[in-house]
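Asks:
Residue numbers (our numbering): 91 to 312.
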């Protein structure tokens with residue numbers, strides 16, 4: 091299997107997604123469309139991973155629109171996709187859902203609650219890393235997968251092979267440090283979780299997050 095990753099900013103990498111791919115001995119390619127303007131084709135993609143970033147799907151940027159053309163082609167080919175934060179928003183917008191300002195800006199660690207039992211053996215409550223102030227509408231025909239205390243639309247399952255999350259299960263310890271030290275001012279501006287970058291780093295990554303990330307990827311690629 092060839093796993094193609096779209097990484098939009100240097101400090102938000104694939105984290106445990108790469109660990110999962112390595113354990114399965116899958117080929118792993120990382121593209122940087124914002125920097126190089128290069129995207130894979132649907133023909134050379136078996137699994138598409140769309141990561142987060144500070145931009146919005148509503149931005150009038152050529153590469154953002156080109157990325158959605160790839161997402162549309164992946165949907166038409168019924169190939170698996172996983173999107174985190176911006177990635178989840180890009181999938182949602184591709185199928186006609188709106189991307190809106192969230193009622194609360196969430197930056198830091200906070201619980202999310204499972205809302206659908208389609209994917210087996212997921213915990214009812216998990217602690218995830220949030221780093222956003224926009225959100226997606228749940229696409230038509232998709233299932234609401236996760237909610238948080240402040241923002242209802244935290245995740246969706248579209249069909250049996252596409253997952254979009256508003257938050258992050260993929261970061262490992264070093265990824266959290268990289269996110270926080272490079273985007274140090276973002277947690278300080280109107281953050282409804284009231285956490286600083288230092289507190290976010292000190293929290294640590296719950297061990298179960300990697301297991302859940304693996305289960306999500308296993309489900310959409312089964």
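Just so you know, even glycine gets a beta-carbon here, dropped at the ideal spot from N, CA and C.
Keep in mind it's a predicted model, so treat the numbers as computed, not measured.
Let me know the beta strand (DSSP E) ranges lying completely inside the region 182 to 233, each 3 residues or longer, listed in chain order.
Replies: The qualifying runs are 189 to 204 and 215 to 226.
Asks: Using the beta-carbon count (16 or more within 10 Å), is residue 172 buried or exposed?
Replies: Along the chain shown, read from residue 1 onward, the residue named residue 172 stands at position 82. That one is buried.
Asks: Among residues of its own chain, excluding the 5 on either side of residue 112, which ones have a beta-carbon nearer than 8 Å to its beta-carbon?
Replies: Indexing the chain shown from 1 puts residue 112 at position 22. Around residue 112: 118.
Asks: Residue 200: which of 311, 259 and 123 sits nearest, CA to CA?
Replies: Here the question's residue 200 lines up with position 110 in the chain shown. Selected option, being the one with the closest Cα: 259.
Asks: Would residue 261 and residue 105 qualify as a contact pair, given that the criterion is a beta-carbon distance under 7 Å?
Replies: The residue labelled residue 261 in the question sits at position 171 within the chain shown. The residue labelled residue 105 in the question sits at position 15 within the chain shown. Their beta carbons are under 7 Å apart, which means residue 261 touches residue 105 by this criterion.
Asks: Just list the alpha helix (DSSP H) runs in the region 241 to 282, keeping only unbroken ones of 4 residues or longer that don't cross its boundaries, in chain order.
Replies: Whole alpha helix (DSSP H) segments, 4+ residues: 263 to 272.
Asks: Who does residue 236 pair with in a DSSP beta bridge?
Replies: On the chain shown, position 146 is the one that residue 236 refers to. BP columns for residue 236 point to 204 and 245.
Asks: For residue 237 and residue 153, I'd like the C-alpha separation in whole angstroms.
Replies: As a first step, residue 237 must be located in the chain shown, where it is residue number 147. As a first step, residue 153 must be located in the chain shown, where it is residue number 63. The straight-line gap from Cα to Cα measures roughly 30 Å.
Asks: Residue 157: which of 115, 208, 167 and 98 sits nearest, CA to CA?
Replies: Numbered from 1 along the chain shown, position 67 holds the residue referred to as residue 157. The shortest Cα separation from residue 157 among 115, 208, 167 and 98 belongs to 98.
Asks: Tell me the rounded alpha-carbon separation between residue 233 and residue 148.
Replies: In the chain shown, counting from the first residue as 1, residue 233 sits at position 143. In the chain shown, counting from the first residue as 1, residue 148 sits at position 58. About 23 Å.
Asks: Given a cut-off of 7 Å, decide if residue 247 and residue 208 are closer than it, judged by their beta-carbon atoms.
Replies: Locating residue 208 in the chain shown gives position 118, counting from the first residue. Locating residue 247 in the chain shown gives position 157, counting from the first residue. Yes, the pair counts as a contact, with Cβ atoms nearer than the cut-off.
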